[in-house]
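**Student:** In terms of the working numbering, the sequence shown opens at residue 0 and continues consecutively.
Idealized CB from N, CA, C, for every residue including glycine.
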Amino acid sequence: VMPTVRNARGADLYPVSDDESRVLPIQSKALSKRFPVPLGRSLDTLRSDWWVVTINANTAAPTCYVLTKDEVKAAAQRGTSQAGAVSYWLAPKSYALPHYEEAWHRLGTPSAAEILKFPTETLPSPVTSPSSDGRLTP
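#1: On a Cα-Cα basis, can you pick out the residue from 58, 100, 21, 14 that is closest to residue 91?
#2: What are the boundary residues of the beta strand (DSSP E) that residue 29 is part of?
#3: My output table needs one value for residue 70: the three-state DSSP class, helix, strand or coil.
#4: If you check the beta carbons only, do residue 96 and residue 75 fall under 8 Å apart?
#5: How many Å lie between residue 67 and residue 81 at the Cα?
#6: Just verifying my parser: in three-state terms, what is the DSSP assignment at residue 53?
#7: Could you tell me whether the Cβ atoms of residue 56 and residue 84 are closer together than 8 Å?
Structure below.
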């Protein structure tokens, strides 16, 4: 996995298959709680085909939701400020659904658990690793 170097537009993670024949750009949104996900002023600027929303990101028990860009766009809510500025967001009721929760299998083969392999001794605690059912656990 190659994370972005700075807070740039577009994908945050670029998992690559072992033979480097497949790169999977993923937009990642990490939230401290079950909050709406800000999407910006236009849905046309959303780039990555895959999105991972992580809630409780700063805890020992984060939860990830795996969605496609089309699912994010379809579920997006639109608001207009008093000044007339338009903004979009993804409400928790739209992403925190059982079929998206820890749904790494949706990314295809190799599984996200295989793509996201890394030596755990180099990471700060808490360390998460894939369990037998594919969920990330401490």
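**Tutor:** To lay it out plainly:
#1: 100
#2: 25-29
#3: helix
#4: Cβ distance not < 8 Å, so residue 96 and residue 75 don't count as in contact.
#5: 31 Å
#6: strand
#7: No.
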